[in-house]
Structures are given as structure tokens and as C-alpha cells.
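Some notes on the structure that comes next.
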Ligand code: 0L1
Ligand code: MG
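Residue numbers (our numbering): 34 to 304.
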């Protein structure tokens with residue numbers, strides 16, 4: 034039984050206060066110490082904090098628009114000593130228009146990474162066992178802005194999961210019907226800053242094939258009890274290392290055969 038003084042109620046209060054801390058850090062763009070610096074967290078608790086954190090955005094009127102995976106690159110996963118992807122949630126408040134402009138002052142220490150995005154054409158509930166790929170209707174080049182709310186962009190696995198996997202912004206390029214997109218296994222990916230190549234990579238860096246991310250995201254959503262709605266965007270993962278954003282620059286990602294997506298970075302004080 035959960036009473037006001039039971040361990041369950043105490044844990045719920047601790048998780049809610051952790052979500053509040055991370056939410057305030059995101060809104061104020063002021064970093065906070067890692068949650069795990071003041072006590073251990075399990076991965077389940079970290080996902081519970083993530084849900085509470087997103088709940089605060091939803092209470093402000095944002096809506097769930099998608100999901101994302103992190104640690105889909107074997108190198109990044111190995112650096113963190115993890116063997117599975119991590120799952121985060123996207124909201125419409127994180128969407129940056131293609132060709133749009135962001136104000137750096139809204140972020141703590143943002144980085145950008147080129148990705149591939151998929152769009153679901155049908156709902157997938159936690160109990161549905163349809164083939165995840167059959168639910169995808171389109172694919173697009175994308176950029177993700179990641180911004181850890183922790184000081185110095187440093188965290189443990191549990192910290193980053195609680196912080197919604199550093200999710201902060203995303204840009205979508207033009208959609209191509211999946212049926213017309215051809216083989217996505219090894220497309221070239223380029224990240225340009227001010228027209229100069231900053232990073233190059235391949236879609237193969239995303240779990241060996243970006244469509245594997247669709248399977249992984251659906252698996253993770255099921256575990257989280259998260260229903261994926263038709264129209265949901267699925268950010269598959271980074272194809273290159275992330276690059277720190279600097280004021281007054283333009284950022285563009287190109288995925289061979291899919292096109293480009295981009296935005297510009299204003300000054301800290303721009304609105
Ligand atoms: O989208 C990502 O791959 C980020 C996952 C979280 C780790 C990070 O913030 O670098
Ligand atoms: Mg990412």
C-alpha cells in the first residue's frame with residue numbers, strides 16, 4: 034500500500050523532484066549536477082523520471098511528436114560501456130523548422146548531429162505485434178540538437194536517460210516514401226557548418242542499418258508502454274559524432290539520395 038510516508042511515496046517524491054530539477058535546468062538553460070551524484074538510480078527509475086519530465090512539458094501544452102534513440106553508434110555505446118540503445122521522447126516544442134533559426138541562449142551547451150528520421154503510417158500499441166518496418170511510411174534527412182542539462186555535458190547512463198537522452202531539438206528535411214527510398218544501408222552523410230564539411234559518416238553507423246533503429250524503437254516503446262501513433266517521428270540515431278553549436282553559423286545535414294535539412298544559429302540573446 035502507498036501511504037504518504039511509505040518508501041513508494043518517498044521514491045515518487047524523489048523522482049518528481051528530480052524531474053523538476055531537470056525541467057528547470059532545460060527552461061532556464063542553467064546546468065545542474067548529475068542526479069547520480071546524490072544517490073544511485075536504477076535504469077527503471079531513470080525512465081520513470083524521464084516520463085515525469087516529459088509530463089511537465091505536456092502540462093505546458095506541448096504534445097508528443099516522436100521518439101528517438103541514443104547510443105546507436107557502437108563507438109559511442111562502447112565509450113559509455115552500454116550494450117543497448119536508450120529511448121527518449123520528442124515533443125512538438127522541440128521541432129525546429131527546416132531552414133529555421135534557433136537562439137543559443139535557450140540551450141545549455143548544445144551540439145548537433147546528422148540523423149535519419151522515419152515516420153510511422155500506422156499506430157503501434159505496446160500489445161501490437163506487427164512488423165515495425167511495415168508501419169513506416171516515409172524517411173527523411175534530419176538533424177538532432179542534443180543538450181545535456183548536466184554540467185560539462187557529463188553523465189552516467191541513468192542520468193542521461195532521466196534527462197530524456199539529451200533531446201532538445203530536431204529538424205526534418207523532405208520526406209521520401211520508404212517504398213521509393215531504395216536501400217538505406219550505407220548512404221553517405223555529411224554535416225556542414227557554414228558550407229564547410231564538419232563531419233562525414235554513413236547511415237551504416239546507425240546500428241549497422243538505420244531500419245534496425247525502427248525495430249529497436251518499437252521494442253523500447255513496448256517496454257515503456259508507450260503507444261506510437263501514426264505520424265510519429267522516429268529519430269534513428271547519429272551518423273557522425275556531434276558538433277558543438279556556435280553563434281552566427283548555418284548547419285546542414287545531407288543524406289545521399291534523401292536530401293538536406295538545415296537551420297541557422299542565432300546569438301545567445303536572439304529570440
Ligand atoms: O541522441 C543521442 O545519441 C544522444 C544520446 C545521449 C548522449 C549524449 O547526449 O551525447
Ligand atoms: Mg541523436
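A virtual CB, placed ideally from N, CA and C, is assigned to each residue, including glycine.
Just reading off the beta strand (DSSP E) that residue 287 is part of, what are its end residues?
Here residue 287 refers to the residue found at position 254 of the chain shown. Looking at the DSSP string, the run of the beta strand (DSSP E) that includes residue 287 is 282-288.
Spatial neighbours of residue 298 in its chain, beta-carbon cut-off 8 Å, leaving aside the 5 residues before and after:
Within the chain shown, residue 298 is the residue found at index 265, counting from 1. The answer, listed in chain order, is 134, 135, 137, 278, 279, 280, 281, 282, 283 and 284.
May I ask you to verify whether the segment 138-147 touches the segment 155-167, counting CB pairs closer than 8 Å and requiring at least 3?
no
Residue of 256, 226 and 39 minimising C-alpha distance to residue 146
Position 113 of the chain shown, counted from the start, is the residue given in the question as residue 146. Selected option, being the one with the closest Cα: 226.
Contacts around residue 258, its chain only, beta-carbon distance under 8 Å, and the 5 residues preceding and following it disregarded:
Residue mapping note: residue 258 aligns to position 225 of the chain shown, counting from 1. Same-chain partners within the cutoff: 159.
Determine the DSSP secondary structure at residue 186, reduced to helix, strand or coil.
Here residue 186 is taken as the residue at index 153 of the chain shown, counted from 1. It is helical.
For ligand 2, which residues have a Cβ under 7 Å from at least one heavy atom, in chain order?
101, 103, 146, 148, 177, 179, 268, 270 and 271
Do residue 266 and residue 123 come within 9 Å of each other at the CB atom, strictly closer than that value?
Locating residue 123 in the chain shown gives position 90, counting from the first residue. Locating residue 266 in the chain shown gives position 233, counting from the first residue. Yes, they are a contact pair.
Member of 204, 261 and 106 whose CA lies at the smallest distance from the CA of residue 126:
To locate residue 126, count along the chain shown from 1; it is residue 93. Nearest of 204, 261 and 106 to residue 126, Cα basis: 204.
Any chance the CB of residue 200 is under 8 Å from a heavy atom of ligand 1?
One-based indexing of the chain shown puts residue 200 at position 167. Yes, the beta carbon of residue 200 sits closer than 8 Å to at least one heavy atom of ligand 1.
Cβ of residue 144 versus every heavy atom of ligand 1: is any distance shorter than 8 Å?
Taking the chain shown and counting its residues from 1, the one referred to as residue 144 is at position 111. Because some heavy atom of ligand 1 lies under 8 Å away, the Cβ of residue 144 counts as near it: yes.
Locate the beta strand (DSSP E) running through residue 307, then write down its first and last residues.
Here the chain comprises residues numbered 34 to 304, so residue 307 is not present and cannot be evaluated.
For residue 93, which residues in the same chain have their Cβ closer than 6 Å to its Cβ, ignoring the five residues on either side in sequence?
For the purposes of this step, residue 93 is identified with residue 60 of the chain shown, where counting begins at 1. Result list for residue 93: empty, nothing under 6 Å.
Tell me, please, which residues DSSP counts as bridged to residue 151.
Taking the first residue of the chain shown as 1, we reach residue 151 at position 118. Answer by DSSP bridge pairing, in chain order: 172 and 267.
Does the beta-carbon of residue 286, which I'm using as the reference point, lie nearer than 8 Å to any heavy atom of ligand 1?
Counting from 1 along the chain shown, the entry for residue 286 is found at position 253. False, no ligand heavy atom lies under 8 Å from that Cβ.
Could one say the Cβ of residue 294 lies closer than 9 Å to chain D's Cβ atoms, at least one of them?
Given the protein chain composition of this structure (a single chain), no chain D is represented.
Taking 7 Å as the limit between beta carbons, can you name the residues of its chain near residue 128, skipping five residues before and five after?
To locate residue 128, count along the chain shown from 1; it is residue 95. 98 and 203, listed in sequence order.
Contacts around residue 237, its chain only, beta-carbon distance under 7 Å, and the 5 residues preceding and following it disregarded
Along the chain shown, read from residue 1 onward, the residue named residue 237 stands at position 204. Contacts found: 218 and 219.
Under 9 Å between the Cβ atoms of residue 144 and residue 119?
Indexing the chain shown from 1 puts residue 144 at position 111. Indexing the chain shown from 1 puts residue 119 at position 86. No.
Taking 8 Å as the cut-off, is the beta-carbon of residue 237 closer than that to any non-hydrogen atom of ligand 1?
Numbered from its first residue, the chain shown carries residue 237 at position 204. No, the beta carbon of residue 237 sits no closer than 8 Å to any heavy atom of ligand 1.
Given that a residue counts as buried once 16 or more other Cβ atoms are within 10 Å of its Cβ, and exposed if not, what is residue 65?
In the chain shown, the residue the question calls residue 65 occupies position 32. Under this definition residue 65 is a buried residue.
Beta-carbon contacts of residue 104 that lie in its chain and below 7 Å, excluding the five residues immediately before and after:
Position 71 of the chain shown, counting from 1, holds the residue named residue 104. If we look at residue 104 and ignore the five residues flanking it on each side, its Cβ neighbours are 110, 113, 115, 118 and 119.
If you measure from the CB of residue 105, is any heavy atom of ligand 1 nearer than 8 Å?
The sequence position of residue 105 within the chain shown is 72, counting from 1. Within the cutoff, so yes.
Measuring CB to CB, does residue 289 end up less than 9 Å from residue 222?
Counted from its first residue, the chain shown places residue 289 at position 256. Counted from its first residue, the chain shown places residue 222 at position 189. In this structure, residue 222 lies closer than 9 Å to residue 289 by Cβ.
Less than 9 Å separating the beta-carbons of residue 100 and residue 250?
One-based indexing of the chain shown puts residue 100 at position 67. One-based indexing of the chain shown puts residue 250 at position 217. Yes, the Cβ-Cβ distance between residue 100 and residue 250 is below 9 Å.
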